[in-house]
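K.L.:
Residue numbers (the working numbering), protein chains in the order written: chain A, 1 to 363; chain B, 1001 to 1363; chain C, 2001 to 2363; chain D, 3001 to 3363. Just so you know, even glycine gets a beta-carbon here, dropped at the ideal spot from N, CA and C. Pasting in a structure now, in structure tokens, and then I'll have a few things to ask.
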């Protein structure tokens, strides 16, 4: 197993939910990037559980320690390692899961792959908790991107049947994104939040969970970044975002809506604006043509499946007795992972963008 | 620019649409894989243009020559190189495109990246023609997968507003897939074909184009293949499929539909079937849990945007005169790329699966 | 900067000599490898400073903590992270080195590359202390190799003008190697040790240092491992061993002696031994032909330059005042790094062999 | 098997000696590099066999065809593919080698690895002929390096017992290198050539072969290039040069001589020259400190073993009959590969340097 991402900026994640510590190493960073500890705290809290009823009441120790690669608050250029000690783990909740895999959880696939060696407690290395070091290290990239005028931000587009307004793909501003990317429950249409929270609360009260969709945008990327074929913007970003647990769909620009569009509707007409800059009148391509940025905002949509750990009785198998059984999952789980997954997705996107830029000598 | 894919099985694609030749090198193949020239011809024809009115009337020379890595009809284990000579190119059609990028085509992004050096004729290295060596080399992987009991096949799920029936995610058979993966216009519901063809023909007659969606399945994959985080099945496959031009969305299992599902609806209950094998009652996860296969069929959906090269007048810029202009694209273009893209997507999926298997010592 | 090694087994090293901690992450390990803590202690002590007069009297805290990837004393298959807290650092010894690079030390090259950001204290990330996590993690690979019948061991071949006997390239035994690879000062000819120690002591008393050469062998490797061209045994091993500070030459088999040999002298005649196994009568090729193992012992020689940190006055530059100056290096440095470098070289060789085997599905 | 080199500039070599063609793909090149066809012809002839008695009288068709990535004599930035058709192959000479591996040739190792599938004719993919595309593609990098003021050149340092003068490690000039790197038999001391040729001719007349050593230098590299640990200058260059057949030793600067040096002798004192540039008084480190360039010339030594294909009767095994046999190798082989290997080593060094520079955004 290898939990590394990137070619030039390489992120290496390690740890198990109930082991000694989780953490990561980020290499390839240039020297002199400021570590913005305030921003790291903001993003840590966005991802952390236990803040409100949309998330698990589990308290996790998310405080990180930077072990290397930073001197006087700035990166030195040497590998940056960061660890987060584990705590508040109740391993007994996982005793029956070693034999009875939770439906739609990684338990079964992991049991086949790692057999008796898999550390099933808390999901082991498969745990969503591993997004904590991703968020911390990705935030370092986020700060560096911001210094280059590149802003990443997203909102919750859909929870169950409730939709937020979509991004205005052409006119998204860095300012709008920088408000969203600090919010605990970021939406464009403030009325959507209440309705979404109601859907999540209903799921929670029903011992159930619910899925959702997020929309993320990036402003300030220069045109000409990326490659055709396999090292394109979409390839690299999709590969990064599928690293966040529960992600089952990633699209760019109009995404699946393209299937029902004519070329004359879909094509983004080019024009010179009054400042002599080339722009497009629409942005269905989501800022990417032939795998390469065109200078318009990047538009990415990601769908996440409902948390599989629900307290409702479910059908599964007992791997030891080889019988069909009914399982009731105990423990403190998230009724909806979407609000906590969004900062991790944004952080991972920052790592991917840093890697793309670094690969072209621009980071 | 680097057009390489893979870690253990490495595919390296080269060539420009109007250069001397296009081709590719496939390394990491085990020795002794049979080259199935009949299958390569079937897949070549599926991808080739000029067969019917859904595609460009352009005739392309797709005949390939294997230069290395094959002896007596079998792979030797050494790098396998394959080239396809170019022909029937009408470069004058591209004269005005050097200055006036086609809306939603890679022209503009490529012009920024490669400046005056980009070989714009026929799209250069960005051309959809590069899917010819991908299809040829991917078919070699397809044959090897088939010998291991792994079958890849897909169908056209949607063209404009016309939908084909969806795969039965639980009961897809290798037999069904092996019929679809030889068809020129594969659909499950035979009535869908006629309606889809009508949509394409209407677009063609309107000097327009139309997008679509395909659904691809894989049967016979063992459980336990893949990894959590960044080297998971979804990461690798998405990264591969975004290498095919026009792809703007890739999802697994229920994909974007997860956003509106409860955990109790989405979770795939596990059970022992009468042969003692572990299966799931539904397959919303598309055969992948925590980045690892669970033994159920893989289900992938891919949306493709309409071909940007349409003959309707469009707004664009003239990069030389720095003016806004109206462009009418000449040349012989596809009103719908979906039927020709499907075999390339399947081929690329075969390369990705071969790489995943090889990385675990199973290819 | 990226301190990662390997394709399938990836070693990622982090830390600075005077930072919070040093450590590493080892990914791609199979599940179920036993962690041999006794062997780790043996190798830790071989590499550790402060044991006798051949090494610096500096005491380093080398005790490691495994953070992840191990459960019940065995690897789980998840990334294995290990850290070593720093201690006993006297940073003031390095104050004048920020401006006045030590001749033949990385100081100057690092100053150019990392400018004011380089953590010069103790050599920062360039420090020989980084061989501590390499040795610890490499020892985990060493144990796994041993379980497959593969033994790595070496001896000090030369210190100054004093030579040890060479390995009998054909008849090296695992038994011989397993004695050498536990010794603090491994030599074949016991008389060589005393003479070598005298050379080192003379250098120490003269405020000087001395270089040397080691010879390392590997028994038990199967024939057929490796590749021609760029992924051959020699390419991978050389690339790994040059990662240990002070290494300036790496050769295989007869190495530089080949320059003065005829083909009829150099060629290793093949024969069937009485058990029907194919062997060679000589082993000038050092067990590698065309980048691939031939089943004979691997023979590697490595030369290390003298420690650059000597207390004799030396000519250098002051980067701040831009003057030529005389520098006297203070601090507690090694008069000869060779005995402490050997276990690190062996450990790194184990990582490289594990990666080669894993890449062929044999680890 | 994978014959790829590099991270940013990726060289992929394919082909077998007696197949349809050999060639390679070079990706990651920037746009606008001039293809210097005259220089390519010079280097082609230096590597080509059949020119004089030091080499095999075999005539090889070395004429290459560039298939992609070049427009109007300059690189476009797209992958550059190049092929060389095979010809003048006498495959019958290899009939008995399929069963009876030549001592110290890759035959035996390849037979174990690739079994019956190995294309043994002419050495297959293991053939020294594969250095033809390496030389051609490396020369494209050489031209690009030259435009940046970086010059690569080498000389034959030793053939048998005959030595050429060594490079003056401090005062090597680009001018000196640019004469050497065009010569068929480059030496510093013109008297050495005649003596070396006599050694080679004696070997040829005795149906034998002889080994040798080359010394290669690079001027014009900026200080600060490279990394500590595993991505250092030495790691990357050694890994590249071991890709050339027959290489068995690679060293930097004083190399193996360091073993017998004191720190006070080995250390290269730093000083400001009269132009205010930092230089070293000696250059034992060969221009590399801590894996990073220091601005002094790079000094590399490479030893090559004698060609294993000699016409003298030799002991080997018959893999079919499982008997010990005597083999007399027929065919037209090189009595000394050193003069022909030098341009290939230089070319491969150019690829490695291009990759290092590209990885830092400087190519």
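Which same chain residues, not among the five before or five after residue 1078 of chain B, have their C-beta less than 7 Å away from its C-beta?
P.N.:
Taking the second chain and counting its residues from 1, the one referred to as residue 1078 of chain B is at position 78. Around residue 1078 of chain B: 1068 and 1069.
K.L.:
Given a cut-off of 7 Å, decide if residue 1126 of chain B and residue 228 of chain A are closer than it, judged by their beta-carbon atoms.
P.N.:
One-based indexing of the first chain puts residue 228 of chain A at position 228. One-based indexing of the second chain puts residue 1126 of chain B at position 126. Yes, Cβ-Cβ distance for residue 228 of chain A and residue 1126 of chain B is below 7 Å.
K.L.:
Decide if residue 205 of chain A is buried, meaning its Cβ has at least 16 other Cβ atoms within 10 Å, or exposed.
P.N.:
Reading the first chain from its first residue, position 205 is the one you call residue 205 of chain A. Under this definition residue 205 of chain A is an exposed residue.
K.L.:
Would residue 2106 of chain C be called buried (16 or more neighbouring beta carbons within 10 Å of its own) or exposed?
P.N.:
Looking up residue 2106 of chain C in the third chain gives position 106. Residue 2106 of chain C is buried by the Cβ-count criterion.
K.L.:
Using only the alpha-carbon positions, how far apart do residue 1348 of chain B and residue 1181 of chain B sit?
P.N.:
To locate residue 1348 of chain B, count along the second chain from 1; it is residue 348. To locate residue 1181 of chain B, count along the second chain from 1; it is residue 181. The straight-line gap from Cα to Cα measures roughly 13 Å.
K.L.:
In angstroms, rounded to a whole number, what distance separates the CA positions of residue 164 of chain A and residue 1301 of chain B?
P.N.:
Position 164 of the first chain, counting from 1, holds the residue named residue 164 of chain A. Position 301 of the second chain, counting from 1, holds the residue named residue 1301 of chain B. Each residue's Cα considered, the two are about 24 Å apart.
K.L.:
By the DSSP assignment, the beta strand (DSSP E) with residue 278 of chain A in it spans what residues?
P.N.:
Along the first chain, one-based indexing puts residue 278 of chain A at 278. Segment 278-280, the beta strand (DSSP E) holding residue 278 of chain A.
K.L.:
Residue 252 of chain A by DSSP, collapsed to three states: which one?
P.N.:
To locate residue 252 of chain A, count along the first chain from 1; it is residue 252. Reduced to three states, the DSSP call for residue 252 of chain A is strand.
K.L.:
Quick one: Cα of residue 2139 of chain C to Cα of residue 3083 of chain D, how far?
P.N.:
For the purposes of this step, residue 2139 of chain C is identified with residue 139 of the third chain, where counting begins at 1. For the purposes of this step, residue 3083 of chain D is identified with residue 83 of the fourth chain, where counting begins at 1. Spanning the two alpha carbons is a distance of roughly 45 Å.
K.L.:
At least one CB of chain C closer than 7 Å to the CB of residue 3261 of chain D: is that the case?
P.N.:
Here residue 3261 of chain D refers to the residue found at position 261 when the fourth chain is read from its first residue. Taking Cβ atoms only, chain C reaches closer than 7 Å to residue 3261 of chain D, which makes this a yes.
K.L.:
If you measure from the beta carbon of residue 1258 of chain B to each beta carbon in chain D, is any gap under 7 Å?
P.N.:
As a position in the second chain, residue 1258 of chain B is number 258, starting the count at 1. So no, residue 1258 of chain B is outside the interface.
K.L.:
Should residue 1049 of chain B be labelled buried (16 or more other beta-carbon atoms within 10 Å of its own) or exposed?
P.N.:
Walking along the second chain from the start, residue 1049 of chain B turns up at place 49. The residue is buried, with at least 16 neighbouring Cβ atoms inside 10 Å.
K.L.:
Please classify residue 1297 of chain B as buried or exposed, where buried requires at least 16 neighbouring CB atoms within 10 angstroms.
P.N.:
Along the second chain, one-based indexing puts residue 1297 of chain B at 297. Looking at its Cβ environment, which holds 16 or more other Cβ atoms inside 10 Å, residue 1297 of chain B is buried.
K.L.:
Quick one: give me the first and last residue of the alpha helix (DSSP H) that residue 3138 of chain D is part of.
P.N.:
As a first step, residue 3138 of chain D is located in the fourth chain; it is residue number 138 there, counting from the start. It spans 3131-3147 - the alpha helix (DSSP H) in which residue 3138 of chain D sits, taken as one unbroken run.
K.L.:
Of all the residues that make up the stretch 3294-3316 of chain D, which are near chain C by a beta-carbon distance shorter than 9 Å?
P.N.:
Taking 9 Å as the Cβ-Cβ cut-off against chain C, the residues of the stretch 3294-3316 of chain D that qualify are 3294, 3295, 3301, 3303, 3304, 3305, 3306, 3307, 3308, 3309, 3310, 3312, 3314, 3315 and 3316.
K.L.:
Measuring alpha carbon to alpha carbon, tell me which residue in B:1172, B:1312, B:1337 and B:1318 is nearest residue 1303 of chain B.
P.N.:
Within the second chain, the letter at position 303 stands for residue 1303 of chain B. Of the listed residues, the one whose Cα sits closest to residue 1303 of chain B is B:1337.
K.L.:
Counting C-beta neighbours from all protein chains within 10 Å, is the total for residue 3169 of chain D 16 or more, i.e. buried, or is it exposed?
P.N.:
Start at 1 with the first residue of the fourth chain, and residue 3169 of chain D comes out as number 169. Buried, since its Cβ has 16 or more Cβ neighbours within 10 Å.
K.L.:
Below 7 Å between beta carbons: does that hold for residue 3258 of chain D and residue 3234 of chain D?
P.N.:
Here residue 3258 of chain D is taken as the residue at index 258 of the fourth chain, counted from 1. Here residue 3234 of chain D is taken as the residue at index 234 of the fourth chain, counted from 1. It is not a contact, given that the beta carbons lie outside the stated cut-off.
K.L.:
Pair every Cβ in the stretch 3022-3034 of chain D with every Cβ in the stretch 3002-3013 of chain D, then say whether three or more of these pairs are closer than 8 Å.
P.N.:
They touch, by the three-pair rule.
K.L.:
Please tell me whether residue 1361 of chain B has its Cβ less than 7 Å away from any Cβ of chain C.
P.N.:
For the purposes of this step, residue 1361 of chain B is taken as the residue at position 361 of the second chain. Cβ-Cβ to chain C under 7 Å: yes for residue 1361 of chain B.
K.L.:
Let's see if you can read the secondary structure: which residues bound the beta strand (DSSP E) around residue 2272 of chain C?
P.N.:
Position 272 of the third chain, counting from 1, holds the residue named residue 2272 of chain C. Start and end: 2270-2272.
K.L.:
DSSP on residue 3047 of chain D, reduced to helix/strand/coil?
P.N.:
Here residue 3047 of chain D is taken as the residue at index 47 of the fourth chain, counted from 1. Residue state, collapsed to three classes: helix.
K.L.:
Residue 2071 of chain C bridges to which residues according to DSSP?
P.N.:
Here residue 2071 of chain C refers to the residue found at position 71 of the third chain. Paired residues: C:2074.
K.L.:
Please classify residue 3155 of chain D: does DSSP put it in a helix, a strand, or coil?
P.N.:
Position 155 of the fourth chain, counting from 1, holds the residue named residue 3155 of chain D. DSSP places residue 3155 of chain D in strand when its eight states are reduced to three.
K.L.:
Name the residues in the stretch 3077-3088 of chain D whose C-beta lies less than 8 Å from a C-beta of chain B; which are they?
P.N.:
Cβ contacts with chain B come from 3077, 3078, 3079, 3080, 3081 and 3083.
K.L.:
Report all residues from its chain with a CB closer than 7 Å to the CB of residue 1160 of chain B; omit the five preceding and five following residues, and keep chain order.
P.N.:
Start at 1 with the first residue of the second chain, and residue 1160 of chain B comes out as number 160. Answer for residue 1160 of chain B: 1199 and 1210, listed in chain order.
K.L.:
Does residue 2179 of chain C come out as helix, strand or coil in the three-state DSSP assignment?
P.N.:
Counting from 1 along the third chain, the entry for residue 2179 of chain C is found at position 179. Note: residue 2179 of chain C maps to helix in three-state DSSP.
K.L.:
Is there contact between the stretch 3033-3041 of chain D and the stretch 3132-3150 of chain D, where contact requires at least three CB pairs shorter than 8 Å?
P.N.:
Enough Cβ pairs lie closer than 8 Å, so yes.
K.L.:
Please list the residues of the stretch 1163-1195 of chain B that have a C-beta atom closer than 7 Å to any C-beta atom in chain A, keeping them in chain order.
P.N.:
Answer in chain order: no residues at all.
K.L.:
Residues of chain B with CB under 9 Å from residue 2007 of chain C, in chain order?
P.N.:
Indexing the third chain from 1 puts residue 2007 of chain C at position 7. What residue 2007 of chain C touches in chain B: 1007 and 1008.
K.L.:
Would you say residue 3016 of chain D faces chain B, with C-beta separation under 7 Å as the test?
P.N.:
The count along the fourth chain starts at 1 and reaches residue 3016 of chain D at position 16. At least one chain B Cβ lies under 7 Å of residue 3016 of chain D.
K.L.:
Return the CA-CA distance between residue 2240 of chain C and residue 3285 of chain D, expressed in angstroms with no decimal places.
P.N.:
Numbered from 1 along the third chain, position 240 holds the residue referred to as residue 2240 of chain C. Numbered from 1 along the fourth chain, position 285 holds the residue referred to as residue 3285 of chain D. Using only the alpha carbons, I get a separation of about 19 Å.
K.L.:
On the three-state DSSP scale, how would you describe residue 6 of chain A?
P.N.:
As a working mapping, residue 6 of chain A is identified with position 6 in the first chain. Looking at residue 6 of chain A - three-state DSSP - the assignment turns out to be coil, as it is neither helix nor strand.
K.L.:
What residues in its chain sit with their C-beta under 7 Å from that of residue 3244 of chain D, if we drop five residues either side in the sequence?
P.N.:
For the purposes of this step, residue 3244 of chain D is taken as residue 244 along the fourth chain, with counting starting at 1. These residues qualify, in order along the chain: 3131, 3341, 3344, 3345 and 3348.
K.L.:
Going by other Cβ atoms of all chains shown within 10 Å of its Cβ, with 16 needed for buried, is residue 1248 of chain B buried or exposed?
P.N.:
Within the second chain, the letter at position 248 stands for residue 1248 of chain B. Looking at its Cβ environment, which holds 16 or more other Cβ atoms inside 10 Å, residue 1248 of chain B is buried.
K.L.:
Over what stretch of residues does the beta strand (DSSP E) that includes residue 218 of chain A continue unbroken?
P.N.:
Taking the first residue of the first chain as 1, we reach residue 218 of chain A at position 218. Start and end: 212-219.
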